[in-house]
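Chemist:
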Amino acid sequence: MKQSVKMIVGNWKMNGLAADLSAAVVEMLADLKGRPASARVGLCPPATLIERMVRTIDGGPVSVGGQDCRVEAKGAFTGGVSAEMLVDAGARLVILGHSERRQEFGESDALVSDKVGAALRAGLTPIVCVGETLAQREAGEAASVVRGQILGSLNDGLAGQDWALAYEPVWAIGTGLTPTLEQIAEIHAAARAAMVERLGDGGRAALILYGGSVNPGNARDILAVDEVGGALVGGASLKAADFLAIIRAAEPAVVAADGQG
Ligand code: PEP
143 MKQSVKMIVG
153 NWKMNGLAAD
163 LSAAVVEMLA
173 DLKGRPASAR
183 VGLCPPATLI
193 ERMVRTIDGG
203 PVSVGGQDCR
213 VEAKGAFTGG
223 VSAEMLVDAG
233 ARLVILGHSE
243 RRQEFGESDA
253 LVSDKVGAAL
263 RAGLTPIVCV
273 GETLAQREAG
283 EAASVVRGQI
293 LGSLNDGLAG
303 QDWALAYEPV
313 WAIGTGLTPT
323 LEQIAEIHAA
333 ARAAMVERLG
343 DGGRAALILY
353 GGSVNPGNAR
363 DILAVDEVGG
373 ALVGGASLKA
383 ADFLAIIRAA
393 EPAVVAADGQ
403 G
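Listed below in structure tokens is the structure:
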């Protein structure tokens, strides 16, 4: 199934100071205001920049998001940021279960599912990340690993809510490597089946984003693959021109003009 309105979300990871906002976001907003994108656009800076970015965007066509949240709303969790705090800062999205958090912080599927529940409680749109390692792909386990992560990381509360899944092969993140278009199609189909297995009809509507070395050169082909509902973009989202080119590659009119719509 091809979906016409795609979602393009930038993940700045632990990059960005106040000075970077004027360079990247202001340039991007000027372009988007001049020729509005028909894709949904999100940008997830470090938590320290959320409020400033929201003020910079000031009602513009970009939703700001967090990169993680705790399960608890508040309490004695030094260094923690809750979903409620993200909302308080102006965020509308949150990335959860990113492979860097799964690997660096040992986050389990069960914890990610609880974080999804916390995000929904606060009114955030969760973007739930899954993806296999290179060893798992080479062992022929990519589809089964992704299915297991989806069954474990989704949360009953997602049915009927605004949310997205992001398929991000770990070996493609920040490496310049990407799966073939056939491999992306295969895993996105498997992911959809697992979403429906987990949530019934509630698993049919959510977009499935692809993430992992998306850039202006490969975005249009990737975004035209069946069941690719958008992209989660790391490195390329730090450069306004590259991120804008990826947003433009997601526009239905561009896809239709190429005869791929
Ligand atoms: C990511 O970290 O979510 C990501 C997709 O990174 P990159 O685009 O840099 O591979």
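Per the working numbering, residue 143 is the first one in the sequence shown, and the count goes up by one each step. Even glycine gets a Cβ: it sits at the ideal position worked out from N, Cα and C. Since this is a predicted model, take the numbers as computed values, not measurements.
Tell me which same chain residues have a C-beta within less than 6 Å of the C-beta of residue 182, skipping the five on either side of it?
Modeler: The residue you call residue 182 lines up with position 40 of the sequence shown. 149.
Chemist: Please classify residue 187 as buried or exposed, where buried requires at least 16 other C-beta atoms within 10 Å of its C-beta.
Modeler: Locating residue 187 in the sequence shown gives position 45, where the first residue counts as 1. Result: buried.
Chemist: In its own chain, which residues sit with a C-beta less than 6 Å from the C-beta of residue 166, not counting the 5 before and 5 after it?
Modeler: Numbered from 1 along the sequence shown, position 24 holds the residue referred to as residue 166. Around residue 166: 382.
Chemist: Sorry if obvious, but does the Cβ on residue 404 come closer than 7 Å to a heavy atom of the ligand PEP?
Modeler: The shown model of the chain, from 143 to 403, leaves out residue 404, and the question about it has no answer.
Chemist: Output yes or no for whether 8 Å exceeds the beta carbon distance between residue 296 and residue 236.
Modeler: Start at 1 with the first residue of the sequence shown, and residue 296 comes out as number 154. Start at 1 with the first residue of the sequence shown, and residue 236 comes out as number 94. Their beta carbons are not under 8 Å apart, which means residue 296 does not touch residue 236 by this criterion.
Chemist: Do residue 320 and residue 355 count as a contact pair if the criterion is CB distance below 8 Å?
Modeler: Here residue 355 corresponds to residue number 213 of the sequence shown, with the count starting at 1. Here residue 320 corresponds to residue number 178 of the sequence shown, with the count starting at 1. In this structure, residue 320 lies closer than 8 Å to residue 355 by Cβ.
Chemist: Under 7 Å Cβ to Cβ from residue 317, same chain only, skipping five residues before and after it: list those, please.
Modeler: For this step, residue 317 is matched to residue 175 along the sequence shown. Correct list, in chain order: 355.
Chemist: Would you call the CB atoms of residue 288 and residue 331 closer than 8 Å?
Modeler: In the sequence shown, residue 288 corresponds to position 146, counting from 1. In the sequence shown, residue 331 corresponds to position 189, counting from 1. Taking 8 Å as the Cβ cut-off, residue 288 and residue 331 do not qualify as a contacting pair.
Chemist: Between the Cα of residue 256 and the Cα atoms of 393, 299, 275 and 359, which residue gives the shortest distance?
Modeler: If you number the sequence shown from 1, residue 256 lands on position 114. Among 393, 299, 275 and 359, the Cα nearest to that of residue 256 belongs to 299.
Chemist: Would you grab the beta carbon distance between residue 374 and residue 308 for me? Rounded to a whole angstrom, and I think it's under 8 Å.
Modeler: For this step, residue 374 is matched to residue 232 along the sequence shown. For this step, residue 308 is matched to residue 166 along the sequence shown. About 4 Å separates the two Cβ atoms, so the contact holds.
Chemist: Just to check my reading of the structure: residue 206 and residue 192 have Cβ atoms closer than 8 Å, yes? What is that Cβ distance to the nearest angstrom?
Modeler: Working through the sequence shown from its first residue, we reach residue 206 at position 64. Working through the sequence shown from its first residue, we reach residue 192 at position 50. 6 Å between Cβ atoms; contact.
Chemist: Are the segment 385 to 396 and the segment 344 to 352 touching by the rule of at least three beta carbon pairs closer than 8 Å?
Modeler: The segment 385 to 396 vs the segment 344 to 352: no contact.
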